[in-house]
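A short worksheet on the structure shown next.
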Amino acid sequence: MKNKILWFRILQIALLALYIGLLVFYTLKSLENGAQSTESSNKVTDITADVITTITQKPVEKTEDFKSFVRKFIGHYSYFVTLGTVSVFLYLTLRKLKPHYRFIIHFSTGFIYAIMTEFWFQKVAGTRGPNWNDVGLDYLGFITISIFVLMIYYIIYFTKRRTKVI
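When the letters of the sequence shown are read in order and numbered with the working numbering, they come out as residues 465 to 630.
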């Protein structure tokens with residue numbers, strides 16, 4: 465039993481460290497000026513095009529639409545899918561909080577952070593403008609995996625609870 469508690473604490477600490485690391489990384493990416501952000505996006509676009517070309521054996525034309533898609537999908541949606549995944553599992557380990565508090569905090573922090581990255585951090589960077597569409601895309605990424613994980617969690621939770629009652 466002691467071993468189980470120790471491994472659970474190690475899991476909590478690892479999730480917390482990963483969560484904080486992701487927040488720091490995303491904050492630094494949000495603080496990039498326009499030129500740095502464009503350079504990063506272009507590198508990711510090149511890598512993405514190379515991977516698609518390798519898989520499909522057809523060259524990918526790097527149009528503005530393709531670059532925009534990669535920037536939005538990887539630079540916004542995917543970052544926040546990752547953050548949401550770590551966050552939801554972290555909050556699931558906080559068993560001393562009631563489930564509804566855990567999830568209110570989880571979903572609120574995701575939304576607040578999406579707003580902060582667009583409106584506060586980019587304002588500090590100075591050469592990039594905030595965009596509500598990007599906030600929506602960020603938060604959509606955050607909640608996508610969260611809702612899926614929570615559905616599975618509650619199915620398991622209520623199934624276990626129901627079998628104990630019967």
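Each residue gets a CB set at the ideal place from its N, CA and C atoms; glycine is no exception.
Endpoints, the alpha helix (DSSP H) within which residue i is located
i, result
"Gly548", "Tyr543 to Thr557"
"Gly485", "Lys466 to Ser494"
"Gln521", "Taken as a continuous stretch (DSSP letters only), Gln521 belongs to no alpha helix (DSSP H), as it is neither H nor E."
Residue i, DSSP secondary structure in three states
i, result
"Pro563", "helix"
"Asn506", "helix"
"Thr527", "coil"
"Gly593", "coil"
Identity of the residue in the options nearest residue i by Cα
i, options, result
"Arg535", "Glu503, Thr627 and Arg626", "Glu503"
"Thr581", "His564, Lys562 and Leu601", "Leu601"
"Gly605", "Ala578, Arg559 and Gly590", "Ala578"
"Ile511", "Gln500, Phe530 and Glu496", "Phe530"
Assigned exposure category for residue i - 16 Cβ within 10 Å defines buried
i, result
"Leu492", "exposed"
"Ser532", "exposed"
"Gly574", "buried"
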